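To keep things clear, I will list the structure first and then write my remarks on it.
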Amino acid sequence: MGVSGLPRRGREGRSTNANTTFAGQAGRAPPPYEQALRSSCRRRPADLDLQIRTQQEKLNLQAAKLEKMDHEIATLEANLENREKEHGAIYPECQDLDRRLTAAESRLGLAQKEEASLHSEIYATKEKIEKLTHDMVGFMSRECELLARALDIVPTPPQELPLEEKHRQIIASLQAEIDDVHKQTAELSEQLKLENLKGLAMVNPEELAEGAEGFLGGAGVGGGAGGSSAHSLMRTHGGSSRRKVPPKGPRQLGQEMASPTQTHPIGVWV
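Using full-length UniProt numbering, read the sequence shown as starting at 1 and increasing by one per residue.
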């Protein structure tokens with residue numbers, strides 16, 4: 001019995017025989033690790049030193065590689081931290097840009113709605129201008145017919161009157177017939193001018209100036225022209241003041257006036 005009360009294990013001698021194991025069992029070959037241990041013990045010290053130095057060099061190379069990898073990892077971590085800082089600084093700017101983009105999209109939607117509304121107003125104004133132009137042509141045709149009728153209806157002054165007095169009487173009688181037509185034509189011309197300028201203002205300022213100039217030059221048939229404008233109009237259609245001019249219908253007169261060189265930029269003759 002030992003000190004602890006357990007039976008003392010006898011010293012079992014290990015046999016170095018190749019046929020015995022480390023436990024003293026005979027008749028069996030030693031395990032592989034025991035054979036390797038025995039073969040290493042039988043090596044010469046010089047071979048062991050060379051193997052140790054080789055392993056040490058390998059370990060040193062591995063340590064150098066690990067140190068280099070640690071340095072690269074530290075560099076990557078530093079770069080990652082810098083990138084995170086940059087992203088943190090850029091994030092508010094991105095949010096601001098996103099808000100500005102949203103506001104711009106909303107303004108774009110409003111602008112598109114306003115553009116659609118302006119287009120509808122332009123089309124409505126164009127229709128009004130076309131209607132007023134048609135009415136203007138009708139009034140001008142009526143004026144031509146009244147002038148032609150007046151030349152036929154006005155009685156010839158007595159032969160004993162001087163030639164100038166005859167002319168004054170003819171002009172006075174014609175003026176009485178024309179005053180009403182001139183008044184209506186002036187009102188319609190003013191209304192047409194306002195509608196035309198309103199429509200042109202929504203198209204192009206340059207075209208507005210050209211259209212207004214052409215309109216004021218072509219539609220100025222006011223009351224101030226008097227009998228001279230009437231006579232010039234009659235001379236335009238051919239014949240003298242004493243000659244009967246066959247009246248032209250509104251369609252034929254409109255076709256002559258709406259030539260390709262007298263077309264408004266938006267396609268409406270003024």
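Glycine residues also receive a C-beta, built at the ideal position from the N, C-alpha and C atoms. Here the structure is a predicted model, which is why all the values come from computation and not from measurement.
Rounded straight-line distance, which links the Cα of residue 109 to that of residue 85:
Residue 85 and residue 109 have their C-alpha atoms spaced approximately 37 Å apart.
I need the straight-line Cα distance from residue 30 to residue 36, nearest angstrom please.
When the Cα atoms are used, residue 30 and residue 36 turn out to be separated by approximately 10 Å.
Assuming contact is defined by CB atoms lying nearer than 9 Å, are residue 195 and residue 129 in contact in what I supplied?
Annotated as proximal: residue 195 and residue 129, with beta-carbon spacing under 9 Å.
Using only the alpha-carbon positions, how far apart do residue 170 and residue 137 sit?
Straight-line measurement puts the Cα of residue 137 at about 26 Å from the Cα of residue 170.
Which of helix, strand or coil DSSP assigns to residue 309
Only positions 1 to 270 of the chain appear in the structure, and residue 309 is not among them; the question remains open.
Do residue 174 and residue 132 have their beta-carbon atoms positioned less than 9 Å apart in this structure?
No, the pair does not count as a contact, with Cβ atoms beyond the cut-off.
Inter-residue Cα distance where the pair is residue 72 and residue 112:
Looking at the two C-alpha atoms, the distance is approximately 56 Å.
Please report the distance separating the alpha-carbon of residue 75 from that of residue 47.
Looking at the two C-alpha atoms, the distance is approximately 42 Å.
Cα separation between residue 114 and residue 90?
Cα to Cα, the separation comes out at about 36 Å.
Which residues in the same chain have their Cβ closer than 7 Å to the Cβ of residue 184, if we skip the five residues on either side of it in sequence?
Around residue 184: 139.
Suppose you measure from the CA of residue 105 to the CA of residue 93; what does that come to, to the nearest Å?
For residue 105 and residue 93, the distance between alpha carbons rounds to 18 Å.
Determine the contact status of residue 150 and residue 178, defining contact as a CB-CB distance below 9 Å.
Residue 178 sits close to residue 150, with the two beta carbons spaced by under 9 Å.
Evaluate residue 119 with the Cβ neighbour count: other Cβ atoms within 10 Å of its Cβ, from every protein chain shown; 16 or more gives buried, anything less gives exposed.
Per the 10 Å Cβ criterion, exposed.
Indicate the three-state DSSP secondary structure (helix, strand or coil) for residue 249 in the structure shown.
Because residue 249 sits at a pLDDT of 47, beneath the cut-off of 50, its placement in the model cannot be relied upon, and the following sentence gives the value as read from the coordinates. It is coil, neither helix nor strand.
Using only CA atoms, which one of 51, 182, 55 and 52 lies nearest to residue 144?
Cα-wise, what sits closest to residue 144 is 182.
Neighbourhood of residue 100 by C-beta distance below 6 Å, restricted to the same chain and skipping five residues each side:
Nothing listed; no residue qualifies.
Rounded to the nearest angstrom, how far is the Cβ of residue 102 from that of residue 198, given a contact under 8 Å?
Not quite, the Cβ-Cβ distance comes to about 36 Å (not below 8 Å), so this is no contact.
Buried or exposed, going by whether 16 or more other CB atoms sit within 10 Å of the CB of residue 117?
Classification for residue 117: exposed.
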